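Here the sequence shown stands for residues 150 to 331, numbered as in my numbering.
Where a beta carbon is used, it is the ideal one built from N, C-alpha and C, also for glycine.
If you're wondering where the values come from, they're calculated on a predicted model, not measured in any experiment.
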Amino acid sequence: MQIAIFGGSFDPPHIGHQAIVNRAVKKLDIDLLIVVPAFLNPLKVKSFLDAKTRFKLLKKLFSKNKKIKVSKYEIKQKRAVYSIETIKHIKEKYNPSNIYLIVGADNYKTFHLWDSHKEIKELVTLVVVTRDGYKYEINDEIKRLKVNIKISSTELRNTFKISYIPKKIRNEVKKIWKKGKN
């Protein structure tokens, strides 16, 4: 079994996340893609949406595809979880022959600062999602996944362009956003 892991804050989930997942399922030789929303990103102090809400939105967004599973693993820990822990958990649970770890070019740029980054490289094949404006070292150890959508959750929270929210979850996010503005 070959698995891809795509972790992140997904705060909120947007069309870029959706495009990455769909492209990975199509382009990588995988049996399962596991989307792993963080309880709290180890590099952040708070979230716009709580973990339970982000999980529900992701579950709804990807519910139709049998090759995609949304994992509660990090949320259940009720703390920031480093990628190495999640990778080891998935390795133990599924015993895959190969694991791909999908990261954005922005995160790959600082990958050398991640907790246990050397061990991560031994356990997985890194898949870097290319994004305009980010330069990164190209080598044989990583795979590239080209996705042509320029959006980040931070930018989305600052501008709230509803068109960046996938249609499937747009109404829920709109309600949450309005509630937060009152």
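Restricting attention to 270, 258 and 229, the CA atom closest to the CA of residue 248 is found in 270.
In the structure shown, the three-state DSSP call for residue 322 is helix. Under a 10 Å Cβ-count criterion, residue 261 is classified as exposed, with fewer than 16 other Cβ atoms of the shown protein chains found around its own Cβ. In the three-state scheme derived from DSSP, where H, G and I count as helix and E and B as strand, residue 153 is classed as strand.
Cα atoms of residue 181 and residue 237: separation of roughly 16 Å, rounded to the nearest angstrom. Within the same chain, and ignoring the five residues on either side of residue 292 in sequence, the residues whose Cβ sits closer than 8 Å to its Cβ are 177, 249, 274, 275, 276 and 277. Within its own chain, the residues whose Cβ lies closer than 6 Å to the Cβ of residue 208, once the five positions on either side in sequence are excluded, are 219, listed in chain order.
DSSP, read as helix, strand or coil, puts residue 293 in strand. Under DSSP, residue 279 forms a beta bridge with 295. Residue 168 sits away from residue 155, with the two beta carbons spaced by 9 Å or more.
Setting aside the 5 residues that flank it on each side, residue 204 is surrounded in the same chain by 186, 219, 221 and 224, each with a C-beta closer than 7 Å to its C-beta; the list follows chain order.
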